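Trainee:
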Amino acid sequence: MVNFEDNQLLAALFGPRDCYLARIEQRLSVRLSSRGNIVVVDGKLAARDMARHVLTRLYQRIKEGLDIGPGDVDGAIRMEQELQTDAHNPLSIRTRQRTIVARSPNQQRYLELMQSRDLVFALGPAGTGKTYLAVAAAVSSLMRGERSRIILSRPAVEAGERLGFLPGDLREKVDPYLRPLYDALHDMLPAEQVERRLETNEIEIAPLAFMRGRTLSNAFVIIDEAQNTTPMQMKMLLTRLGENVRMIVTGDLTQIDLPRGQASGLRDATGILEGVEGIGVVEFEKNDVVRHPLVARMVEAYEAHEKQDGNS
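Mapping of the sequence shown onto this note's numbering: residues 430 to 741, in sequence order.
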């Protein structure tokens, strides 16, 4: 049984037509019934405990004025299933437009590393929050005055050395390759602020080819899709670190688009730098996918197919 102080918040907790309660029931194999400001939980002991923790965690978010959706419910369930405890409170990042909360233990570790390490590698499949959480951490750092700018970079593999021949100015040339970063920025900041900060270079778009020779300082740097860097490019990027810089390098080693036979700078760097003090590495798995549940199932199917091909 869970007793909530304010039953006016329970409509948001239960979801439209109690769909969030149904989601918890299905995922944890429990039965939930509400009586006023009380939710009665029936089921096996461990499942009952997890359901109570999930409900309490979600209720606390609503009490703090935050909205919840199906993804938040799934994230709270996943956190309880893997941690088996309510003592480890998930970290969160506050930006101008939203508060982002860790939805899995690996996301929790990722947020912890981004707070404590100057260089963090985030590896894993699409949909695990690698880029989104990095952009949220960067915006939060900028808003708190910890760093004066955000630098975003992503390999434009398809353009190769022809980048200079594409139409438009530098930003227009690389925009198509950086669209996921822009989408995340617009989730964290009002559109007019994104544009203004781009114009003043508080948020800077820096293609890999234009990073050579620079010393980055007082910045939060995100290198996205880093599996498509060469070892030489990766070494060049990592040695740009200057004073008060935090660099997050994200990538999926199963999605390398480099020419056949070309080594990935991300794979090369994580092997060479393993165990180096001050560097953090988090490896996401398919269970960390926070997009549509079908994404996790598709990732699993592709992994099984690739494994079968490798054995044949």
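For each residue, glycine too, the CB sits at the ideal point set by N, CA and C.
Note that the structure is a prediction, hence the values are computed from the model and not measured.
Under 8 Å by Cβ, that's how I've got E654 and R608 pegged, so tell me the actual separation to the nearest angstrom.
Mentor: Rounded, the Cβ-Cβ distance is 12 Å, inconsistent with contact.
Trainee: Is Q526 near the ligand GTP - that is, is its Cβ less than 7 Å away from at least one heavy atom of it?
Mentor: As presented, the structure is devoid of all ligands, the ligand GTP included, so that no description of it is given.
Trainee: Assuming L484 and L457 make a contact with CB atoms under 8 Å, what is their CB distance in whole Å?
Mentor: About 10 Å separates the two Cβ atoms, so there is no contact after all.
Trainee: What residue range does the beta strand (DSSP E) around I580 cover?
Mentor: It spans R578 to S582 - the beta strand (DSSP E) in which I580 sits, taken as one unbroken run.
Trainee: Within 10 Å of its beta-carbon, does D471 have 16 or more other beta-carbons around it, so buried, or fewer, so exposed?
Mentor: Exposed: under 16 other Cβ atoms inside 10 Å.
Trainee: Within 8 Å, do at least three Cβ pairs link the region 627-637 to the region 535-549?
Mentor: No contact exists between the region 535-549 and the region 627-637.
Trainee: Would you say the region 623-631 touches the region 553-563, given that touching needs at least three Cβ pairs under 8 Å?
Mentor: At 8 Å Cβ cutoff, the stretches do not touch.
Trainee: Where in the region 615-652 do unbroken runs of the beta strand (DSSP E), each at least 3 residues long, occur, reported from the N-terminal end onward?
Mentor: As far as the region 615-652 is concerned, its whole beta strand (DSSP E) runs of at least 3 residues are 632-634 and 648-652.
Trainee: Alpha carbon to alpha carbon, what distance is there between D681 and E554?
Mentor: The question names Glu, yet the displayed sequence has Pro at residue 554. Answer to the nearest angstrom: the Cα atoms are 5 Å apart.
Trainee: Taking 8 Å as the threshold (C-beta atoms), are R669 and T644 in contact?
Mentor: Their beta carbons are under 8 Å apart, which means T644 touches R669 by this criterion.
Trainee: Going by the CB atoms, is the gap between G707 and D547 shorter than 8 Å?
Mentor: Cβ distance < 8 Å, so D547 and G707 count as in contact.
Trainee: E434 to K492, Cα distance in whole Å?
Mentor: When rounded, the distance between both Cα atoms is 10 Å.
Trainee: For the region 474-557, list the beta strand (DSSP E) runs that are entirely contained and at least 3 residues long, ordered along the chain.
Mentor: With a minimum length of 3 residues, the continuous beta strand (DSSP E) runs that stay inside the region 474-557 are 521-523, 528-530 and 548-552.
Trainee: Going straight from the alpha carbon of G694 to that of L666, what length do you get?
Mentor: Straight-line Cα distance between these residues: approximately 10 Å.
Trainee: Of the residues L627, Q656, T557 and R578, which one's Cα is nearest the Cα of Q684?
Mentor: Cα-wise, what sits closest to Q684 is Q656.
Trainee: Say whether chain D places a C-beta atom closer than 8 Å to the C-beta of V483.
Mentor: Although the question refers to chain D, the structure presented lacks it and comprises just one protein chain.
Trainee: For L687, which three-state DSSP category applies?
Mentor: Note: L687 maps to coil in three-state DSSP.
Trainee: Please report the straight-line C-alpha distance between D738 and E509, rounded to a whole angstrom.
Mentor: When rounded, the distance between both Cα atoms is 35 Å.
Trainee: Along the beta strand (DSSP E) that carries V468, what are the first and last residues, could you check?
Mentor: Note, V468: beta strand (DSSP E), I467 to D471.
Trainee: From E703 to R573, what distance separates their C-alpha atoms?
Mentor: Their Cα atoms are separated by approximately 31 Å.
Trainee: Taking only runs that begin and end inside the region 655-712, name each unbroken beta strand (DSSP E) of 3 or more residues, in chain order.
Mentor: You should have 674-680 and 708-712.
Trainee: For S569, which three-state DSSP category applies?
Mentor: Note: S569 maps to helix in three-state DSSP.
Trainee: By the 10 Å Cβ neighbour count, where 16 or more other Cβ atoms means buried, how is Q662 classified, buried or exposed?
Mentor: So Q662 ends up on the buried side.
Trainee: With which residues is N716 paired in a DSSP beta bridge?
Mentor: Answer by DSSP bridge pairing: none, since N716 is not bridged.
Trainee: Going along the chain, which residues of its own chain have a beta-carbon closer than 8 Å to the beta-carbon of T413, five neighbours each way excluded?
Mentor: The structure shown has nothing for residue 413, since the chain only spans 430 to 741.
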